[in-house]
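Residue numbers (the numbering used here), protein chains in the order written: chain A, 87 to 566; chain B, 171 to 543; chain C, 100 to 462. In this text, a Cβ means the ideal position worked out from N, Cα and C, and glycines have one as well. Quick notes on the structure that follows.
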Amino acid sequence: MRLEERINEIKENLSNSIDIEQRMLHCKGQVAALLYLKTLCDEQKIVREIITPLQRLERGSPVHVVRSVNILVKQDVEQVIKQLLQGWVLLLLENEKNNYLFAALKEEAREAVEPENERIVRGPHQGFTENILKNLSLIRRQIQSKHLHLSTFYLGKDTHTQVVVAYMKNLANPILIKKVKKRITSIKVDQLLPGYLEEFIEESPASPFPQLLNTERTDRVIANLMEGRVAIFIDGDPSVLIAPVSLFTFYQSTDDYHSRWQVSSFLRIIRLISFFLAFQLPAIYIAMVSFHPEMLPLNLTYNIQGSLRQIPFHPLIEAAIMELTLELIREAGIRLPSRVGQTIGIVGGLVIGDAVVNAGYISYTMIIIVAITAIASFIVPTQEMSNAVRLLRFPMMFAAAVLGLVGITFGTMILVIHLCRLESFGLPYFEPFSPLRLKEWKDAVFRFPVWSLKERSNQPEPLRKKQVESSRRWGHDQSE
Amino acid sequence: MKRLKLFLMLLVLIFPLFLLGCWDQDQLKQARLVYTIALDQASGGQLLGSFVVRNTTSHTQQIETNNTIYYAKGRSMREMSQAVSASLNGRLRVFKFRVLLLSEKLARTQDLYPLLDSFYREPKSPLNAKVGIVKGEANEVVQHQKIGTTLIGEYLDQLIEGEEKLSVISPQDIQSICPLMFDPGEDFSLPYFEVKGNEVEVVGAAMMRGQRMVGSLSRVESKLLQMMRGKNDGTALVSLAIPMTNVHSAVNRVSFEIMKSSPEIELRVRRNHLDVYYKLGLKINVKEYPPANLDSPKEVSKLNRYIEKILKDRCKHLFAKMQKHQFDGLGIGRQIIAYHNDEWKHMNYKEVYTHANFYPTIHVESKGNGIIY
Amino acid sequence: MINQNKTKITRGQFFCMILQTQIGTQLVSLPHNLQETAKGGAWISSLLMGVCIQIFIFLFGLLLNRFSGQDFYQICIHIFGKWLGRVLCGIYSSFFLLAAAFTLMVYVKIAKAWVFPKTPHWFLLFVMLLTSVYLARSSLQVMSRVMVIASLFLPSLFLLVAMGLSIANFTYPMPFLEVGWLKIIQTAFLALPAFGGFEVILFIYPYVHGTNKQKLMAASLANALTTLIYTVLVYTSLAVFAPEEIAIVPEPLIYMLKAIRFSLVERLDLIFLNLGVLSSTTTLAIYLYISGKGLKSINNHIAIKKVVPIIALIAALLTYVATDPFSVKYYEMKFIGIIPVFTFIIPVICLLLSFFRKKERLS
């Protein structure tokens, strides 16, 4: 085949896109063509590392002179196209059948700044970027272990997205790894956009609970890798998926390990209480005022009755209106630039809140309840769980409006049964509660001092349990 | 199958919407809460009930409360509340009901349980409401509407609670008198009110034998009864006259707080004959003692012996009074049932009780004297 | 666990499972039922029943150890042969169906009396069955996990006792032996429905990790704890209510709580009722599961998941036999009559037959 034809074939395969750059040059005394996608490649790099050495080449293989890090020699056009699409440069020589491919991807990574939605007070302010290589390098740099294992998959027939599964070979359970890999390889789609992967590999799509942890924080991923979990990186997505998870993983913040353990334990308990408040409080209020007013203490009864007198709605409707309004305000605030967002907060929170009470549509007590609920749901350190919890309170409110407290009991029971049934990659989701492991409450419910957490959490069933040897022996050492 | 599942789930989720306002809702908004009920005897064997309903209205930020009284005649609690409902906007609810007042006449002629039956039967009723007896007409008390700045129901509630804390009357509510009404071996007393001008006072306790009132005790007697039952740990304050030491002073009382009273009852039961050996150990804290000479142990024990002597007389006196009314406030019958069951089955207890011999011994120990001697 | 056989449960879970099956809604009327005939000796009756059941738990252990790895359904087929054994499985399955229906009946009765006088029967059944069928359709392992969580609420029963004792009069139950030992022993059998549920040992035992001795220990401990809780609760309510009063209060344990006033919440009885709902849901789920398992042992193609809703539906229909408290009581008495046949007599016959069979084989 002539050189022209070969060039055209490649161009055809790439849909004659306008960003295909073609550079003719002389090399080894024959005509050669360089082909690359200029939107992907670093042109300075090409000049410096590929063109200059090639032009000087007299004899021998181009492989020996080109200064690129990666060089491939391929025959198959399909594979050549694949590499071109990943930012490689193709060299075609008139008299040679070989297709030479040189890596020249443009490095376009933003700074590893702190993620907006997972801010912490103390600890490393570093987050992942959209560039997978950069992300992996962040991990590599901090786990300098020969056991850190990375394996790559390309998913999506068209998008061909790179997905990297990372785990500690000496910690992660091989059965778990097999499961993760099997689920990833069985994905067959045209396009794998960053957010898709989670839905493809989670176990129970019907559950409102997130079954993979989504995080942009490097330290979080590292901590989880060291617990024997698997991290899944997706190219183009700064958030990394972690599996398997338990409910309590979502309630742990990396902050916890940077402040004193008493404080952290206290905060963890507050968060767990907030978990219940966030979906139970409006329901309990509805049950109280519409089913069991006799349960309220004497003076509270009269107070609440006074504020309820003028309200035209059933408490459930009242609560639903307020909760929905709150969601509206929240949703409106997210999309708008931060300065306008503040105005929304003021208009929503202050103006509507005040007006609605003065107009006699909603009672004061309800406003208080809804506000507490909202704050309780924002306490959750992870976004997905916060959303899940907010969603849960609506069925709970219905249950309370139909059967009062007993309805709430049934609702909670169904929820607990659901949590007990739920599994994340075959591992129990509700772990230190069910199966009950009081020992692990040390790190799941409270946060004991790090040196006392001698064993890893059993939830991902790591190969090695011990993580801290006795590190404070100096306390017993008399000769100190 | 999948579709059926989805359908079922939707059904479960949407279902409740149709059930709103169904069945067993009890909206606080619509409830008209009764705070106090006063019962009197009306003509023709009917009862006259005065239902104090508390209204709460809120004007934007502050909450105002006031009372409305509804009168109704009927032959039972339920009949009366139905009659009240007829003239009431909203639902008459009793779940925050606090005080039930009975006129003395009613309490003496009418069994208590039939009046309370509807409260025991209804799961929502407050069994911790108080019961009191009023000298004269009970509705006179509630007609006061307000005493000082406090609404009458709340006032009575707080009054009773305060007197209970001072051990003037025994703490009883609708539930706690229930076993006592049924129990042949123990009787109970209820607070006894009297209207004095613009005020309502607790003048003592009404002795209830079984389910009827048989007599009354003064405040001092009632407090003594509490002490004899060993139920006045805490703040019961007793004042007694002391022998004149200083002729010029009109104030010659010793007052002491009872820190702990521990009674022991020993019974000798023979057929139709009962001896009650009553032993009471008292630990007291002197609160007022003008002679101020408790620095010597001799004086202290002298004071103790003196108090013992006076209390012993009073106990005897009180017991005699209770015997006269066949009122078993100490629960002696209970002891016989529990420990002398065979004799109990063959005796006419009330008769035996009236003729029982009472041998009290009292041992007083001063445990404190404040910050001076 | 990621790789393990998912059908086995731990001893702790086994313990909680028995506890949750034993403690059910029948508990609330136990003091009343026993006091009716045993008077002050009611608590002795409940203690005696516990001891009696303990003896049978040891006999069960003997039987189950002879056929290790098999549950009672399989043992039946083993001993009685394919046909008779399967018939017996069917009978046992329907016994548990009855037990489920009975649990439902009592739950509806109490719910109607205490919280939902106007809510229709079918709706109360619907929510209860929704929850318990959802639970019963899970694996044994998931069920046992839920039981463990449910057991975390048991200490609140002791709180209940403590509160009751604060208003108790300890001379009310005295004299304990007023009606004599004979009557107290007879009365003990009335406690059977409340203690009922220990028979699930026969069906879960082979699916528990541990040695025979450890498993029996767990079962005995569960029974001992149940007995202790029941006895203390019965004694407390005897001491709170006068003898004449307890006779007119059908659910003394709930009633006791109504009298206590708390500063934060009033009507503690409602909170207790919710705990009762919790424990009857778990009891019901286990009965449904075991009933379904019986059908599966008749025909291996039947999936427990699929039959459980059908069993639940039949149980729900059965409750329409008795919808008012008086007829519930009537059927309760009838039911007490058949419980010993299934929990005591048939297992013991099996045990005897298994001895006999072995001797036969030896000779």
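Would you say residue i reaches chain A, if we count a Cβ-Cβ gap shorter than 8 angstroms as a contact?
| i | result |
| --- | --- |
| C/Gln119 | no |
| B/Lys316 | no |
| C/Thr106 | no |
| C/Glu344 | no |
| B/Phe177 | no |
| C/Tyr306 | no |
| C/Arg366 | yes |
| B/Ile233 | yes |
| B/Gln195 | yes |
So, for residue i: in the same chain, excluding its five sequence neighbours on each side, which residues have a beta-carbon less than 7 angstroms away from its beta-carbon?
| i | result |
| --- | --- |
| A/Ser557 | Trp537 |
| C/Thr335 | Val260, Gly263, Leu264, Ala267 |
For residue i, which residues in the same chain have their Cβ closer than 6 angstroms to its Cβ, ignoring the five residues on either side in sequence?
| i | result |
| --- | --- |
| A/Gln277 | Gly242, Asp244, Thr245 |
| A/Leu394 | Ser449 |
| C/Ser231 | Thr380, Leu383, Ala384 |
| B/Asp121 | Past the boundaries of the shown model lies residue 121 of chain B; chain B is included only from 171 to 543, so the question cannot be answered. |
| A/Pro330 | Ser510, Phe511, Leu513, Pro546 |
In terms of residue numbering, what span does the beta strand (DSSP E) encompassing residue i cover?
| i | result |
| --- | --- |
| B/Ser359 | 358-366 |
| A/His112 | 106-113 |
| A/Val249 | 247-254 |
| A/Thr238 | 234-241 |
| B/Val544 | The requested residue 544 of chain B is not part of the displayed model; chain B covers only 171 to 543. |
| B/Lys300 | 300-305 |
| B/Arg202 | 201-211 |
| A/Val159 | 157-160 |
| C/Ile110 | Sequence inspection shows Arg at residue 110 of chain C; the Ile mentioned does not correspond to that position. Unbroken run through C/Arg110 is the alpha helix (DSSP H), 110-121; no beta strand (DSSP E). |
| A/Thr301 | 299-301 |
| C/Gln285 | Premise fails: C/Gln285 lies in the alpha helix (DSSP H), 280-287, not in any beta strand (DSSP E). |
Can you tell me the Cβ-Cβ gap for residue i and residue j, rounded? I've got them flagged as a contact below 8 angstroms.
| i | j | result |
| --- | --- | --- |
| B/Met377 | B/Asp353 | With 8 angstroms as the limit, B/Met377 and B/Asp353 do not qualify as a contact, their Cβ atoms being about 15 angstroms apart. |
| A/Glu200 | A/Gln212 | 7 angstroms |
| A/Glu180 | A/Leu89 | 5 angstroms |
| A/Val175 | A/Ile132 | 6 angstroms |
Please report whether the beta-carbon of residue i lies at a distance below 8 angstroms from any beta-carbon of chain B.
| i | result |
| --- | --- |
| A/Glu413 | no |
| A/Ser376 | yes |
| C/Trp213 | yes |
| A/Pro291 | no |
| C/Phe340 | yes |
| A/Thr451 | no |
Hey, is residue i's beta-carbon within less than 8 angstroms of any beta-carbon in chain C?
| i | result |
| --- | --- |
| A/Leu234 | no |
| A/Val251 | no |
| A/Pro570 | Because chain A is modelled from 87 through 566, residue 570 of chain A falls outside the range shown and cannot be assessed. |
| B/Pro341 | no |
| A/Thr335 | no |
If you reduce the DSSP assignment to three classes, tell me which class residue i lands in.
| i | result |
| --- | --- |
| A/Arg88 | coil |
| A/Trp527 | helix |
| B/Thr531 | strand |
| C/Ala411 | helix |
| A/Leu549 | coil |
| A/Ser325 | coil |
| B/Phe426 | strand |
| B/Arg441 | coil |
| C/Ile176 | helix |
| B/Ser431 | strand |
Mind listing the chain E neighbours of residue i? Cutoff is C-beta to C-beta under 9 angstroms, in chain order.
| i | result |
| --- | --- |
| B/Gln200 | Included in the structure are the protein chains A, B and C, with no chain E among them. |
Could you please give the first and the last residue of the uninterrupted alpha helix (DSSP H) stretch that includes residue i?
| i | result |
| --- | --- |
| C/Ser243 | 239-250 |
| C/Trp142 | 141-165 |
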